[in-house]
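Let me begin by presenting the structure, written as structure tokens, before commenting on it.
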Amino acid sequence: MINSFTKTHVKFLEHTAIKQAIEINRWKLDNSSASNLPHVTESMEADLLDCFETTKILLSTLGFPLFEPISRVTVTTKNEGIFMIKNKEIVADGNLIDDGFVVFKGSEAKLNTTPSCHKYLIDLRIFLQEKGVIVQSNNCYQFVEDYVFSSPSTAGGVILGRATNGWTKWRNSEGKTLDEVRRKSV
């Protein structure tokens, strides 16, 4: 079948991939405007969707879960449990996953940043506001969906509005840092 792909088949797969990536909302897309869904026969559509499913499985197996949603159930069943950052203003919870550090829906982030906050953290907070991942709620921001950060420190920095060492700031219910738990499991 691969040798018989036409432009129409490729446009169908492109449209399907972009549509699914937008629905999952796990990644920032540079190209979020797909071509219109081209007409293909019902049997060809079934074959192309089967091909797309196979591609998803292969990508995930190779370590690129491009079309896999983040499942809180999967993440929270890890041995180390949930990690939290909390102070008198906010409470946030998340966990380390293969793709980085996921902050869970319902977590809070400080409304303001410190004067010494790095520009990339400020820009990321603005991006998350524009994308609708965080919304202002009373005197803080609230995550309205799970979001994967590149590292625990970036997640902590966005939440606290300042540079922070996420490996020591994120703590589990026993008070152990992410670094302590990670070293113990290795």
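The sequence shown lines up with residues -3 to 182 when you count with this note's numbering. Ideal placement from N, C-alpha and C gives every residue a C-beta, glycine not left out.
Continuous beta strand (DSSP E) stretch holding alanine 159: start and end
Looking at the DSSP string, alanine 159 is not in any beta strand (DSSP E), and its letter there is neither H nor E.
For glycine 77 versus serine 147, is the C-beta spacing smaller than 9 Å?
no
Going by alpha carbons, who is nearest to serine 39 out of Gly90, His5, Leu62 and Thr51?
His5
Tyrosine 143, buried or exposed, once every other Cβ within 10 Å from all chains shown has been counted against 16
buried
Can you check the stretch 110 to 161 for any beta strand (DSSP E) of at least 3 residues that lies completely inside it and give the ranges in chain order?
If we require 3 residues or more, the beta strand (DSSP E) runs fully inside the stretch 110 to 161 come out as 130 to 133, 136 to 139 and 143 to 145.
Per the contact definition of three or more C-beta pairs closer than 8 Å, is the stretch 133 to 143 in contact with the stretch 101 to 111?
yes
Measure the C-alpha to C-alpha separation of lysine 7 and valine 36 and round it to an integer number of angstroms.
Taking the Cα positions, lysine 7 is about 10 Å away from valine 36.
Can you determine whether any heavy atom of the ligand ZN sits closer than 8 Å to the C-beta of threonine 150, and answer yes or no?
The ligand ZN is absent from the structure shown, which contains no ligands of any kind.
In whole angstroms, what is the alpha-carbon distance linking alanine 88 and leucine 25?
26 Å
With DSSP as the reference, label arginine 167 as helix, strand or coil.
strand
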